[in-house]
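Novice: Chains as they are written, first to last, in my numbering: chain A, 10 to 322; chain B, 17 to 267; chain C, 1191 to 1440.
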Amino acid sequence: MKTKTGIVTALCAIFFFCSCGKKDESILRLGYLQSDLHHLPAFVALDKGFFAEQGLTVQVGGVFRAGPEEMSAFGAGELDFGYVGQAPATAAYFNGVADIQFIALVNREGSAIVTRSDGTLTSVKNLAGKTVAIPGHATMQDFLLRRALHNSGMNFQDIRPIVLKPPEMLQALEQKNIDAYIAWQPYPALALTTQSARVLMDSSDIWNDHPCCVLIAQRSLCTRQPGSIKKIHAAHEKACDFIAAHPDEAIAIAMKYTSMDRSVLVEALRHIKYTGGLDKTMSREFVDFLKNQNYIKNTAYTDERFLNMFFNE
Amino acid sequence: MSLVIKNLCKAFADPETGVQTPVLDTISLTVESGGFVSIIGPSGCGKTTLLRIIAGLEAASSGEILINGSAPVEPWKHVGFVFQEYALFPWRRVWENIAFGLEMNGMPLSERRERAMDIIARFGLEGSHDRYPRELSGGMKQRVAIARTMITDPAIVLLDEPFGALDSQTRGQMRRFLLDVWQRSHTTILFITHSIDEAVFLSQRVIGLSRRPAACSLELNIDLPYPREVTTTRFNDYRSKIITFLDDQKD
Amino acid sequence: MKPKIIFPALILLLWQLCTLLGFFSEGKVPSPLQILAALYELAIYGLPQGNTLLLHCLSSIERVGIGFVLALAAAIPLGIICGASRLLREMLTPVIETIRPIPPLAWIPLAILWFGIGLKSAAFIIFLGCFFPILLSTMSGVVSVDPVLVSAAQTLGASRKQIFLKVLLPGSTPSIYTGLRIGLGIGWMTLVAAEFTGVKSGYGLGYMIMTARDIQRSDMVIAGMAVIGLTGFVLDSLLRMLESRALRWR
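In structure tokens, the structure reads:
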């Protein structure tokens, strides 16, 4: 009797898990991160109608507080394409959570190590023995911090890392719970405006031209609608060009989507390079980092094939 | 020690309306030192309240209680109480229950354990000293309760229908047991019961309380030698007198 | 074989089968074997590397232990006093009933402000979870102590303090133990929320799950959840053993 009930329950569970959502094929659902300045091209493309210009019907499928959440949405099939950090996208792909392809870069650089202005830390070497906050393990910022330490002849074990969300980092710094933090713009710029913090090192000095956020899409979309992918790429590149050519308007759009002060955004934008294109070499470096740290499982596929499947060219 | 109650009155005030309900109406009675007096009366007439006032658990509205001629400041020093529900502490073993009063008084552990084991032997409770109350029969529990009271050598012992919850055979045993305890210790006893047989069997004098507000309506000397035969004519005479009294109270 | 072993074993078997047949995608619904493999990884290699499962577990137990012990040290005496005094009960009940429904999670910003990041703020969150069940059970335990026992103690010469310690406290222990078990259960469930306050030491089961989630390792997430569930069960069993020893007299 109990066995029968068990089988029925299990069957119900299977149906639940296998249920697919129906959607209208012509509407493309876009995802991006809340108030994330790195995703400015998305805001610009939406605001100026660049997607519509290309003949695409784009809907905002979700606004997320963090990369992993957005990747879960991709895994659940709720998004078609989106702007997200390279780190969560890579981890999600290689851990089998979401079958996506890396269409284009979104920005390079745009992070910084921040410390108290009245503190004694003047260089990365001084971070030895100190508590440094990172936005998460396996993030690009985690990787950047390790590179910075390595460049100064130090080890990750020489510091005490702690994971905090970027909005909490400044307060923790001011209350002396941490000695320094590394975060993406505009959080370093925000810290500067308070006068209580200063930048120890910009990420451009840690790993010049490093990729940060990427444009991804469901692999199924790439195979079924390669034309749409080209159009998305075109709209994205137009948005990047627009930001370079019309900074004031770009800042106005940024203010609308991030609710940050103009002065903060002006400062932050100085450190971000928006771009299209792909960068396989640097991306590979990041994949290797994740593998070394055991953040990516060993998969059944050979590394090369899987890696190549990652990039849409 | 003798117990003298003079014109004791007690009224309960309703906490919300303030209306006074008289419960005890000018009770006066005396128990000589070493005497055994029973109180009998209809249910709810205030017998328990009377005992609680004597024990110091409640205050009288007016009147006096004299123990050996003076009003005690700390009644518990002289007065012991045996409850109908045994009131044994379930988390304490038998010997620990019995030693409770000694413990409250500050007696050291080894001494009070010795005293407890001694009274356990005298009261026929050997072998049960480490048991918990839930493991005991009703009769044994009440013996433990009586031992707990007697171990502090109280001058006066109040018993509130102590055998009411027991079956008749055990009741018979317990009556003889109590009689034995009293005769050996010569303590003064005031005993509440519903059982007429019990009252006549045990006490030197029976006092009957009327319905609320209770007053002493009957005082009967039981002039029989101990141990008493329940089947004799004289026993029956006393019994009839009490039955008549109780019947009157019903109207 | 007992039904309570057969039923879960059957579910696991069915689950593994479904994954093999491809009903579930491995990344989203890891199979039982994958979860076991993840458990092994967590135990031997750790997440982040070097931070093994055992250390995470002990660190979490430490946090919950501190919060729990502080809670019972505060709640039991307060509960006994409030249980014994009607006036105090009436004064404090509205305050207690207003604060109690606030979920511990909501206290996190204040906790960080008051205690900084680390063990103290996490223990505080757990303290809040444990405190109220223990307080309320102690209070109701005292209130339900048979008044005749208090009378008996009085006739045997017990002072007010002795009545508290020798009658009310032991008399309410069954209720207190119930409160302790509920409190520990809630405190343990609050663990993951508590570790959101920021884990300075880098150890903790909630922290481990968060990291697993950040790197999209759902097999590790589920393995972590299983460990949390199992540890909670073990802690509760220990408490129950203590309870049955202490309440032998029942």
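For glycine and all other residues, C-beta sits at the position ideal for the given N, C-alpha and C.
Exposed or buried, I1155/C, counting other C-beta atoms within 10 Å across all chains shown (16 or more means buried)?
Specialist: An answer regarding residue 1155/C cannot be provided, because it is not within the stretch 1191 to 1440 covered by chain C.
Novice: Just how far apart, CA to CA, sit L37/A and E1287/C?
Specialist: Each residue's alpha carbon lies about 49 angstroms from the other.
Novice: Check each residue of the region 1208-1239 of chain C: if its Cβ is closer than 8 angstroms to any Cβ of chain A, include it; give the result in chain order.
Specialist: Listed by position along the chain: C1208, F1213, F1214, S1215, E1216, G1217, K1218, V1219, E1231, Y1235, L1237, P1238, Q1239.
Novice: So, is R128/B buried or exposed, given that buried needs 16 or more other C-beta atoms within 10 angstroms?
Specialist: When all chains shown are included, R128/B counts as buried.
Novice: DSSP state of M17/B, grouped into three classes?
Specialist: Looking at M17/B - three-state DSSP - the assignment turns out to be coil, as it is neither helix nor strand.
Novice: I'd like to confirm the pairing. Which residues does DSSP put opposite E235/B in its beta bridges?
Specialist: Per DSSP, I223/B.
Novice: Please report whether the beta-carbon of I171/A lies at a distance below 8 angstroms from any beta-carbon of chain C.
Specialist: True, the Cβ-Cβ gap to chain C drops below 8 angstroms.
Novice: Mark T203/A as exposed unless 16 or more other C-beta atoms lie within 10 angstroms of its C-beta, in which case mark it buried.
Specialist: T203/A should be labelled exposed.
Novice: Would DSSP call Q189/B helix, strand or coil?
Specialist: Reduced to three states, the DSSP call for Q189/B is helix.
Novice: Please determine, among D56/A, G70/A, A61/A, the residue with the shortest C-alpha to C-alpha distance to Y41/A.
Specialist: The shortest Cα separation from Y41/A among D56/A, G70/A, A61/A belongs to G70/A.
Novice: Is it right to say T290/A is buried, meaning 16 or more other beta carbons lie within 10 angstroms of its own, or is it exposed?
Specialist: Its Cβ having fewer than 16 others within 10 Å, T290/A is exposed.
Novice: Residues of the region 94-112 of chain A in Cβ contact with chain C at a cutoff of 8 angstroms, in chain order, please.
Specialist: Those residues of the region 94-112 of chain A that come within reach of chain C (Cβ to Cβ, closer than 8 angstroms) are P97, A100, A101, N104, G105, V106, A107.
Novice: Please report how far the alpha carbon of M166/B lies from the alpha carbon of V1332/C, in whole angstroms.
Specialist: Approximately 28 angstroms between the Cα atoms of the pair.
Novice: Could you check whether F1317/C and F1305/C sit closer than 8 angstroms to each other, using their CB atoms as the reference points?
Specialist: Not in contact: F1305/C and F1317/C (Cβ atoms no closer than 8 angstroms).
Novice: If A181/A sits next to I1307/C, beta carbons under 8 angstroms apart, how far is it from one beta carbon to the other, in whole angstroms?
Specialist: Sure, about 6 angstroms apart at Cβ, within 8 angstroms.
Novice: Return the chain-ordered list of same chain residues with a C-beta closer than 6 angstroms to the C-beta of T203/B, the five sequence neighbours on each side being excluded.
Specialist: Cβ neighbours of T203/B beyond the five flanking positions: V173.
Novice: Once the 5 residues before and after R255/B are set aside, which same chain residues still bring their CB inside 8 angstroms of it?
Specialist: Cβ neighbours of R255/B beyond the five flanking positions: I212, D213, V216.
Novice: Could you tell me which of Y304/A, L224/A, I262/A, S213/A sits nearest to I281/A, measuring between CA atoms?
Specialist: Considering only alpha carbons, the answer is S213/A.
Novice: Would you check if the region 92-107 of chain B and the region 1359-1376 of chain C touch, i.e. whether three or more CB-CB distances between them fall below 8 angstroms?
Specialist: The region 1359-1376 of chain C vs the region 92-107 of chain B: in contact.
Novice: Could you tell me the distance, in whole angstroms, from the CA atom of L1325/C to the CA atom of A115/B?
Specialist: Rounded to whole angstroms, L1325/C to A115/B spans 31 angstroms at the Cα level.
Novice: Rounded to whole angstroms, what's the CA-CA distance from D135/B to V110/B? Just pull it up for me.
Specialist: The sequence given here places Ile at residue 135/B; Asp does not occur at that position. Cα to Cα, I135/B sits roughly 11 angstroms from V110/B.
Novice: Identify every residue that forms a DSSP beta bridge with Q110/A.
Specialist: For Q110/A, which the question treats as bridged, DSSP gives the partners A226/A.
Novice: List, in order along the chain, the chain B residues whose C-beta lies closer than 9 angstroms to that of S1341/C?
Specialist: Going along chain B in sequence order, the residues near S1341/C (Cβ under 9 angstroms) are R68, A71, L73, F97, F99, A103.
Novice: How far does the alpha helix (DSSP H) with Q158/B in it extend, from its first residue to its last?
Specialist: Here the alpha helix (DSSP H) through Q158/B covers 154-166.
Novice: Go through its chain and collect everything with a Cβ distance to L1262/C's Cβ below 6 angstroms, but skip five positions before and after it.
Specialist: So the list reads I1324, once near-sequence residues are dropped.
Novice: Exposed or buried, A297/A, counting other C-beta atoms within 10 Å across all chains shown (16 or more means buried)?
Specialist: For the record, residue 297/A in the displayed sequence is Asp; it is not Ala. Per the 10 Å Cβ criterion, exposed.
Novice: Comparing C-alpha positions only, which one of R233/A, R228/A, R293/A, W193/A sits nearest to H48/A?
Specialist: If we check each option's Cα against that of H48/A, W193/A comes out closest.
Novice: If you follow the alpha helix (DSSP H) that T1328/C is part of, which residue opens it and which one closes it?
Specialist: Where T1328/C is concerned, the enclosing alpha helix (DSSP H) stretches over 1309-1333.
Novice: Can you name the start and end residues of the beta strand (DSSP E) that G70/A belongs to?
Specialist: From DSSP, the beta strand (DSSP E) with G70/A extends over 66-73.
Novice: Going by CA-CA distance only, name the one from T1345/C, M1281/C, L1232/C, R1435/C that's closest to V1411/C.
Specialist: Checking every option, the nearest Cα to that of V1411/C belongs to L1232/C.
Novice: Beta strand (DSSP E) containing L1432/C: first to last residue?
Specialist: Note, L1432/C: premise wrong, no beta strand (DSSP E); alpha helix (DSSP H) at 1408-1436.
Novice: Would you kindly work out how many angstroms separate the C-alpha atoms of S1221/C and M80/A, rounded to a whole number?
Specialist: Near 20 angstroms, if we compare the C-alpha coordinates of M80/A and S1221/C.
Novice: In or out: A309/A buried (at least 16 other Cβ within 10 Å) or exposed?
Specialist: Because A309/A sits at a pLDDT of 45, beneath the cut-off of 50, its placement in the model cannot be relied upon, and the point is left open.
Novice: Once the 5 residues before and after T311/A are set aside, which same chain residues still bring their CB inside 7 angstroms of it?
Specialist: In this prediction, T311/A scores a pLDDT of 44, lower than 50, which makes its location untrustworthy; no coordinate-derived value is stated.
Novice: Buried or exposed for H159/A, please, with buried defined as at least 16 other CB atoms from any protein chain shown within 10 angstroms of its CB.
Specialist: So H159/A counts as exposed.
Novice: Pick from L1429/C, S1427/C, Y1397/C: whose alpha carbon is nearest that of V1382/C?
Specialist: With distances taken between Cα atoms, V1382/C lies closest to Y1397/C.
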